[in-house]
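All residue numbers for the sequence shown refer to my numbering, where the first residue is 164 and numbers rise by one. Even for Gly, the Cβ is constructed at its ideal location relative to N, Cα and C. What follows is one structure encoded as structure tokens, with my remarks underneath.
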Amino acid sequence: MNRNMPLKTLIWVGTCLADLKAFPDEVKDEIGFALHEAQMGGKSRKAKPLKGYKGSGILEIVDSHDGNTYRAVYTIRFKEAVYALHAFQKKSKRGIATPKNELDMIKRRLKAAEQIDKDQGEKT
């Protein structure tokens, strides 16, 4: 982590922030800390590449609370910003895989982040 680097902007895509606000306080704290580390150019110990996106700068934070699993997905692939793409409670009891509907949401929001980043670049 480079503490001399300027802090990257954190951009919330879609309902990601509202979804995160519904999580238990302990989970919000953990995810918020991980996103802050990403803004500083670092990586939380809880952040792992999202399965199927290895090496593409798409990371997932997984946290558990009271027997429930919560996930937040973000991307660091852009130079000026970290984009928080999706936050959700995993409800599927079939294994640890991310459900298809959640992966579809992540893909849509990643496309939105690409457009937002492109639009931001055109403004400067």
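Residues near residue i in its chain [Cβ-Cβ closer than 7 Å; skip 5 each side]
{"i": "Asp226", "result": "Val190, Glu193, Ile194, Lys209 and Tyr233"}
Helix, strand or coil at residue i [DSSP, three-state]
{"i": "Lys242", "result": "coil"}
{"i": "Phe196", "result": "helix"}
{"i": "Ile279", "result": "helix"}
{"i": "Asp226", "result": "strand"}
{"i": "Arg208", "result": "coil"}
{"i": "Val190", "result": "helix"}
{"i": "Lys253", "result": "strand"}
Beta-carbon proximity of residue i to residue j, cut-off 8 Å
{"i": "Pro212", "j": "Ile224", "result": "no"}
Contacting residues, own chain, Cβ-Cβ under 6 Å from residue i (five flanking each side not counted)
{"i": "Pro187", "result": "His228"}
{"i": "Asp280", "result": "Phe241"}
{"i": "Glu265", "result": "Phe251"}
Separation of residue j from residue i, as counted between CA atoms
{"i": "Leu180", "j": "His249", "result": "8 Å"}
{"i": "Ala185", "j": "Met168", "result": "31 Å"}
{"i": "Leu183", "j": "Thr261", "result": "17 Å"}
{"i": "Ile174", "j": "Val236", "result": "12 Å"}
{"i": "Asn231", "j": "Lys254", "result": "8 Å"}
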